[in-house]
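S.K.: Numbering (my numbering), first residue to last: 32 to 248.
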Ligand code: HEM
């Protein structure tokens, strides 16, 4: 049996986030490492301008996705499950014991495991750094009239460094958690249809499963 894990609204928010982020990564890396992506890299002012324009447009979509998520949280307070709590630390410790074969038992997760919460808050942290610094870099001359030049240089360093951190976190950590692990490889389609099998729900989110079973939903 299949259970509904994500609503259409949540899947649209996720799609806006990943489409804009993939474009931002592709175009951002073309700016950072010119000459490394064939025709996509700027070898002259025209292609550079185009790549940067696409980057900024994708930036607007990312900002829209963030605003949508904030509105969504305020409208529906039922998503407090994503807030970290003490149990996440003991779950993490138990997971390490399980990985190192000191225990035969996996921790029992509710709706979100500690690594899924980490994925969400890593995006919050990344956006909190990338969006303001991106806006400063976009409106450099305006920013330079109110901020010291060293702040603009710092914004560039932060934007560039956090972008690389975000890329590594997405392609290693998030992709392993959601797609590359042996249960989901090569891809989990939950992001598309929002569904999860009853079997996987029992294994990955037993506490949530128990709650659903109790309610008889
Ligand atoms: C996931 C989100 C994002 C990623 C991965 C990303 C990545 C990057 C990278 C790698 C660079 C090149 C930095 C360098 O040359 O060292 C860059 C530059 C830039 N980014 Fe982003 N970025 C993101 C979000 C944004 C947003 C939201 C905006 C604006 C609203 C933005 C605006 C800019 C601008 C204007 C530049 C050009 C800086 C310059 O003039 O050299 N970025 N971005």
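C-beta: ideal position from N, C-alpha, C; glycine also.
Would you say residue 42 touches ligand 1, meaning its beta carbon is less than 7 Å from a heavy atom?
M.R.: No, Cβ of residue 42 sits at least 7 Å from all heavy atoms of ligand 1.
S.K.: Return the chain-ordered list of same chain residues with a C-beta closer than 6 Å to the C-beta of residue 194, the five sequence neighbours on each side being excluded.
M.R.: Only 59 meet the Cβ criterion.
S.K.: Heavy atom of ligand 1 less than 7 Å from the Cβ of residue 81, yes or no?
M.R.: It does not: the Cβ of residue 81 is nowhere closer than 7 Å to a heavy atom of ligand 1.
S.K.: Locate the alpha helix (DSSP H) running through residue 231, then write down its first and last residues.
M.R.: Unbroken alpha helix (DSSP H) run through residue 231: 229–235.
S.K.: How should residue 239 be labelled, buried or exposed, when 16 other C-beta atoms within 10 angstroms of its C-beta is the threshold for buried?
M.R.: Looking at its Cβ environment, which holds 16 or more other Cβ atoms inside 10 Å, residue 239 is buried.
S.K.: Among the candidates 131, 245 and 54, whose CA atom is the shortest distance from the CA of residue 82?
M.R.: Of 131, 245 and 54, the residue nearest in Cα terms is 54.
S.K.: Taking only the alpha-carbon atoms, compute the straight-line gap between residue 112 and residue 143 and give it to the nearest angstrom.
M.R.: If I take the Cα positions, the gap works out to 7 Å.
S.K.: Should residue 124 go down as buried or exposed, given a rule of 16 or more other Cβ atoms within 10 Å for buried?
M.R.: Label assigned to residue 124: exposed.
S.K.: For residue 137, collect the residues of the same chain with a Cβ closer than 6 Å to its Cβ; drop the 5 residues on either side in sequence, then sort them by chain order.
M.R.: 129, listed in sequence order.
S.K.: Using C-beta distances below 6 Å, list every residue in its chain close to residue 200, excluding the 5 sequence neighbours before and after it, in chain order.
M.R.: Correct list, in chain order: 153.
S.K.: Identify every run of the alpha helix (DSSP H) within the region 149–190, keeping only runs that are complete inside it and at least 4 residues long; order them along the chain.
M.R.: Counting only runs of 4 or more, we get 171–177.
S.K.: Hey, would you say residue 226 sits closer than 8 Å to residue 39, going by beta carbons?
M.R.: No.
S.K.: So is residue 170 buried or exposed if we call it buried at 16+ other beta carbons inside 10 Å?
M.R.: Exposed, by the Cβ-count rule.
S.K.: Is the closest heavy atom of ligand 1 to the C-beta of residue 187 under 7 Å?
M.R.: Yes.
S.K.: Distance check for residue 110 and residue 155, CA to CA, integer angstroms please.
M.R.: So the two alpha carbons sit approximately 15 Å from each other.
S.K.: Within a Cβ cutoff of 6 Å, which residues of the same chain sit near residue 139, ignoring the five residues on either side of it in sequence?
M.R.: Answer for residue 139: 237 and 238, listed in chain order.
S.K.: Rounded to whole angstroms, what's the CA-CA distance from residue 98 to residue 158? Just pull it up for me.
M.R.: So the two alpha carbons sit approximately 11 Å from each other.
S.K.: Are the CB atoms of residue 175 and residue 183 within a distance shorter than 8 Å?
M.R.: Result yes, Cβ atoms of residue 183 and residue 175 sit closer than 8 Å.
S.K.: Enumerate in chain order the residues of its own chain whose CB-to-CB distance from residue 85 is below 6 Å, with the five nearest sequence positions on each side excluded.
M.R.: Only 58 meet the Cβ criterion.
S.K.: To which residues of the same chain is residue 94 closer than 7 Å at the C-beta, ignoring the five residues directly before and after it?
M.R.: Counting only Cβ-Cβ distances below 7 Å, and skipping sequence neighbours, we find 162.
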